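A short write-up of the structure that comes next.
2 protein chains.
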Amino acid sequence: MKLTVVGLGPGAGEDLTGRARRAIEEADLVVGYTAYIALIRDQFPDKEMRSTGMKKEVDRCRMAVEAAAGGKNVAVVCSGDSGVYGMAGLIYEVSREFPPIDIEVVPGITAACGGAAVLGAPLTHDFAVISLSDLLTPWEKIEKRLAAAAEADFVICLYNPRSHSRSDYLRRACDILLTHGKSPDTVCGFVQNIGREGERAVTCSLKALRDNEDVDMFTTVFIGNSQTELIGGRMVTPRGYLQREENGK
Amino acid sequence: MKLTVVGLGPGAGEDLTGRARRAIEEADLVVGYTAYIALIRDQFPDKEMRSTGMKKEVDRCRMAVEAAAGGKNVAVVCSGDSGVYGMAGLIYEVSREFPPIDIEVVPGITAACGGAAVLGAPLTHDFAVISLSDLLTPWEKIEKRLAAAAEADFVICLYNPRSHSRSDYLRRACDILLTHGKSPDTVCGFVQNIGREGERAVTCSLKALRDNEDVDMFTTVFIGNSQTELIGGRMVTPRGYLQREENGK
């Protein structure tokens with residue numbers, strides 16, 4: 001009768017919220033992508049769990065809504081936040097095909113926030129979050145968003161920056177940013193495997209990011225705004241408090 | 250010797266992460282804005298806490314870094330995420346004035362994710378986060394970002410949409426969005442007091458949002474993209490999975 005869409009945070013470990021933990025504990029059935037179920041399997045050993053592979057998002061959500069409509073308390077788990085490129089939207093869309101159920105979305109730490117914390121404080125000013133995956137979005141739309149974000153000097157956070165079939169997308173994205181006003185010296189950073197084994201953070205210039213070959217599908221990328229700087233190796237975007245003080249306001 | 254910048258999530262309640270809770274428990278001293286200290290006072294009754302008022306951000310961060318440099322384990326608490334318009338950036342900036350200390354940023358659920366979960370799933374596609382406060386940012390820059398985000402069809406999340414001294418800012422922002430390509434019928438929503446007493450969510454059109462008088466400084470505002478729709482009263486931005494299936498791909 002109830003379906004909860006739960007964000008697990010970056011690694012489903014210490015960054016899991018109390019509400020997310022309770023939602024999983026109270027569920028009769030937990031549904032998720034295979035890799036995310038693997039993250040929580042050991043923490044909830046007695047729980048009934050069902051996983052499906054990549055590109056099976058619609059099937060997975062239908063299975064979950066159907067089970068909830070049939071009387072179960074179901075938790076659908078997502079990495080990071082359940083609402084940021086997560087399953088929350090699709091669950092609502094799919095729910096229209098079934099009798100009404102009660103849906104609750106439980107937020108989690110999304111990779112933008114989790115990765116930013118590893119790098120320092122890159123998101124302390126206005127930012128744009130853009131996925132480079134064109135599986136569901138025309139590349140022209142992605143290009144337009146990259147250009148607009150660069151021209152308005154947003155900090156930019158990129159999800160899905162690269163995959164096997166999209167090996168040159170990050171380079172193409174960087175070229176668009178460079179053409180639309182971002183300096184080649186813009187402070188950038190990326191984090192792999194946020195909150196998981198193998199977590200690794202790198203800072204570099206936009207010019208160097210363009211030619212970097214380490215970024216993979218488990219990486220979140222950050223491009224600073226014109227004020228972003230490195231402080232003791234950390235990527236920091238000033239909010240303006242100190243600058244206001246220096247100006248005597 | 251150590252300073253942790255901790256995001257409390259929207260209400261410092263069930264959306265607090267395990268890592269944030271541990272950071273506060275392990276701290277010798279907790280420092281924060283008066284209203285945020287009040288949120289956690291009862292949960293950590295024996296903890297030494299120091300609070301300062303609004304616009305005292307620089308003093309507060311200096312006090313915290315100084316205490317850490319003096320040998321204490323200090324936690325600086327922020328509402329939402331510590332890195333999204335939070336104190337993480339300023340802590341790094343201020344730390345340059347003191348002997349080196351170990352700084353860790355602990356992310357929290359930011360209002361964009363917390364509010365989105367209350368409204369449904371508005372952030373399931375590319376989005377821009379913009380603060381309407383011009384205390385630290387020239388209004389011209391904010392205008393430029395609003396225009397760019399509208400033109401590129403981002404979902405937009407607005408922080409600090411209104412204050413006593415900025416009573417017409419949300420209206421001005423909506424006018425910019427309308428001038429730069431957002432339809433008056435764009436699905437919008439706002440949430441007041443996310444995760445706290447008095448939590449209240451409202452959905453409306455962009456046209457209606459422009460003339461809304463309920464939005465206050467404790468409100469987070471969401472403006473959909475051209476695909477955002479209402480499903481059973483919830484604000485949902487499709488990611489495109491179902492549309493792909495319908496197109497037989």
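For the record, the sequence lines run as chains A and B. In terms of this note's numbering, the first sequence has 208 at position 208, counting the first letter as 1, and numbering is strictly consecutive. Just add 249 to the spot in the second sequence (first one is 1) and you have this note's numbering. We put the beta carbon where it would ideally sit given N, CA and C, even for glycine. Everything numeric in this text was worked out from a predicted model, so none of it was measured.
Bridge partners of cysteine 204 of chain A according to DSSP: A/Cys188.
Glutamine 292 of chain B has a beta carbon lying at 9 angstroms or more from every beta carbon in chain A. When Cβ pairs closer than 8 angstroms are counted between the two stretches, the segment 325 to 339 of chain B is seen to touch the segment 356 to 365 of chain B, the count reaching three or more. Beta-bridge partners assigned by DSSP to leucine 252 of chain B: B/Val323 and B/Ile352. The beta carbon of serine 432 of chain B is closer than 8 angstroms to those of Leu455 and Ser475 in its chain, skipping five residues each way along the sequence. When C-beta atoms of the segment 281 to 290 of chain B are compared with those of the segment 321 to 329 of chain B, three or more pairs fall below 8 angstroms, so the two segments count as touching.
Close to chain A, meaning a Cβ-Cβ distance shorter than 7 angstroms, are the following residues of the segment 350 to 376 of chain B: Val354, Val355, Pro356, Ile358, Thr359, Cys362, Gly363, Ala365, Ala366, Gly369, Ala370, Leu372, Thr373, Asp375 and Phe376. For valine 202 of chain A, the closest Cβ of chain B is not nearer than 9 angstroms. Close to threonine 386 of chain B, with beta-carbon spacing below 7 angstroms, are these residues of chain A in chain order: Gly240.
Any Cβ of chain B closer than 9 angstroms to the Cβ of lysine 144 of chain A would place that residue at the interface, and such an atom is present. Nearest Cα to aspartate 134 of chain A within the set A/Ile231, A/Leu158, A/Glu48 and A/Arg21: A/Leu158. The Cβ neighbour count for proline 410 of chain B, taken over all protein chains shown within 10 Å, is at least 16; the residue is labelled buried. The three-state secondary structure of tyrosine 33 of chain A, taken from DSSP, is strand. Counting C-beta atoms within 10 angstroms of its own C-beta, aspartate 291 of chain B has fewer than 16 neighbours from the protein chains shown and is therefore classed as exposed.
About 14 angstroms separates the CB atoms of valine 436 of chain B and glutamate 93 of chain A; that is not less than 8 angstroms, and the two are not in contact. Your pair valine 314 of chain B and isoleucine 350 of chain B checks out as a contact, with CB atoms roughly 7 angstroms apart and the cut at 8 angstroms. The CB of glycine 332 of chain B comes closer than 7 angstroms to the CB of Cys113, Ala116, Ala117, Ala121, Leu123 and Thr124 in chain A, given here in chain order. With fewer than 16 other Cβ atoms inside 10 Å of its own Cβ, threonine 179 of chain A counts as exposed. Contacts with chain B at 9 angstroms (Cβ-Cβ) do not include arginine 162 of chain A. Annotated as proximal: glutamate 57 of chain A and tyrosine 490 of chain B, with beta-carbon spacing under 9 angstroms.
The beta-carbon distance between arginine 483 of chain B and isoleucine 231 of chain A, rounded to whole angstroms, is 41 angstroms. This is too long to meet the 8 angstroms contact definition.
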